[in-house]
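Just below is one structure, and these are the notes that go with it.
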Amino acid sequence: ATRMLGVTQQTTMTAVHQAFRKLAFLVHPDKNQSSTISNDAFRTLSDAFAFFKEQHAQAKKQAAAEREREEYQRRAQEDKFREQRAEARQNLLDISNQNCLYINV
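One rule links them: number in the numbering used here = place in the sequence shown (from 1) + 35.
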């Protein structure tokens, strides 16, 4: 797929699309109606482009899932911190209330 389109795996989807359009214009069956080679070349080119589109879509989904996982972990850490802070505050109030009882006695 990469050789057919003349791109690398790290190429942006925009560049892949541009390469596909450029080559598709050259081998399109409507432009070369009498050539069966053109038909096969266009079909292969379309398959290569579909492969890149699928790879790009999977990469986007994986990146989104990773961001979501990181966000969940960050929120879980914040919740844990809030709970610890609330517990510490409650302990201070309990200690303060106990000291008040000793003073009033």
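The beta-carbon is built from N, C-alpha and C at its ideal position, and this holds for glycine as well.
Discussion item. Quick check: the Cα distance between H163 and F84, rounded to an integer number of angstroms?
Written reply: With the chain running from 36 to 140 in the structure shown, residue 163 is simply not present.
Worksheet entry | Neighbourhood of A50 by C-beta distance below 7 Å, restricted to the same chain and skipping five residues each side | V42
Worksheet entry | Residue range of the unbroken alpha helix (DSSP H) whose run includes Q45 | Neither: Q45 is in no alpha helix (DSSP H) and is coded neither H nor E.
Worksheet item: So what's K66 in DSSP terms, helix, strand or just coil?
Response: coil
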